[in-house]
Amino acid sequence: DAKTTQPTSMDCAEGRAANLPCNHSTISGNEYVYWYRQIHSQGPQYIIHGLKNNETNEMASLIITEDRKSSTLILPHATLRDTAVYYCIVRARTGNQFYFGTGTSLTVIP
Amino acid sequence: GAVVSQHPSWVICKSGTSVKIECRSLDFQATTMFWYRQFPKQSLMLMATSNEGSKATYEQGVEKDKFLINHASLTLSTLTVTSAHPEDSSFYICSADTQGSGELFFGEGSRLTVL
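The listed protein sequences derive, respectively, from chains A and B. Under this note's numbering, the residues of the first sequence are numbered 66 to 175, in order. Under this note's numbering, the residues of the second sequence are numbered 785 to 899, in order.
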């Protein structure tokens, strides 16, 4: 079962930062926070993951609170192509099942 | 990044027939693959976990005799929907686990329509 809660939908103006929150209050010490996104009728695309430190890559930044009970995915300069459903998932590093919650439908507005 | 390929991308079949969907990891070995189903406007639902060389583990409520999973090699897992019915029409997605990175790589999905 999914162990995360996310807002159902969000809007963001093109060119602005999109901040997508996720609550994972029951996360275990060995579980990572993963973010994926799914554009309509495609397979999910990996964005970023982290354990406890903040992470950044070419796509996004991941901010994890010190108690690890929540995190925020930041898309620094949202474009129209970032319109998608974003999923926050917690999982031990390998081998364990990967359960999707309901995700956040992000709409980037021109 | 690692590539996972599914085939076919879409398939239409008659009710009562069986359909096989293939999932291949193209540039890495996947000891574990996962199969998901997604209905319109819903999230991905995990159906089963497929381990190379052993029987698949099915999630609660998923009929193992209807959704046959075979993971005969480290690069190929197949899902066979047996005696398909219109309610089996869905988007089926596979993913492969890479031992090193911890990322899960997903295929492009296969859309099944049962008439």
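Backbone N, C-alpha and C fix where the C-beta goes; we use that ideal spot for every residue, glycine too. Everything numeric in this text was worked out from a predicted model, so none of it was measured.
* Among A:121, A:143, A:117 and A:124, which one has its Cα closest to the Cα of residue 131 of chain A? -> A:117
* At a cut of 8 Å, does the region 887-894 of chain B reach the region 92-111 of chain A through at least three beta carbon pairs? -> yes
* Of the listed residues B:812, B:804, B:868 and B:836, nearest to residue 818 of chain B (C-alpha basis) -> B:836
* **Range covered by the beta strand (DSSP E) that runs through residue 791 of chain B** => 788-791
* **Nearest-angstrom Cβ-Cβ length linking residue 880 of chain B and residue 789 of chain B, presumed shorter than 8 Å** => Rounded to the nearest angstrom, the Cβ distance from residue 880 of chain B to residue 789 of chain B is 10 Å, too far for a contact under 8 Å.
* Reference residue 786 of chain B, options B:882, B:895 and B:844, closest by Cα -> B:882
* To do: Just the C-alpha distance for residue 831 of chain B and residue 142 of chain A, rounded to the nearest angstrom, thanks.
  => When rounded, the distance between both Cα atoms is 36 Å.
* Buried or exposed (CB count within 10 angstroms, at least 16 for buried), residue 41 of chain A -> Here chain A covers residues 66 to 175 and nothing more, so residue 41 of chain A does not appear.
* Asked: Any C-beta of chain B sitting closer than 8 Å to the C-beta of residue 141 of chain A?
  -> no
* Asked: Between the beta-carbon of residue 178 of chain A and the beta-carbon of residue 85 of chain A, is there less than 8 Å?
  -> The structure shown does not extend to residue 178 of chain A, since chain A is modelled only from 66 through 175, so no value can be given for it.
* Using a Cβ-Cβ cut-off of 8 Å (strictly less than) and excluding sequence neighbours within five positions of residue 797 of chain B, which residues of its own chain qualify? -> 803, 868, 896, 897, 898 and 899
* Asked: Can you find a C-beta in chain B that's less than 8 Å from the C-beta of residue 164 of chain A?
  -> yes
* To do: Using a threshold of 8 Å, state whether the C-beta atoms of residue 69 of chain A and residue 89 of chain A are closer than that.
  => yes
* **Cβ shell of residue 96 of chain A (< 7 Å), same chain only, five flanking positions each side left out** => 155, 156 and 157
* Got a sec, what are the start and stop residues for the beta strand (DSSP E) residue 818 of chain B sits in? -> 816-822
* To do: Note the first and the last residue of the continuous beta strand (DSSP E) segment covering residue 110 of chain A.
  => For residue 110 of chain A, the enclosing beta strand (DSSP E) has its first and last residue at 110-115.
* Asked: The beta strand (DSSP E) spanning residue 96 of chain A covers which residue range?
  -> 96-103
* Which residues, in order along the region 103-124 of chain A, keep a beta-carbon less than 9 Å from a beta-carbon of chain B? -> 103, 106, 107, 108, 109, 110, 111 and 114
* Own chain partners of residue 872 of chain B with C-beta closer than 6 Å, once the 5 adjacent residues on each side are dropped -> 865 and 898
* **Per DSSP, cross-strand counterpart(s) of residue 876 of chain B** => DSSP lists B:821 and B:894 as partners of residue 876 of chain B.
* Asked: By how many angstroms is the C-alpha of residue 820 of chain B removed from the C-alpha of residue 854 of chain B?
  -> 15 Å
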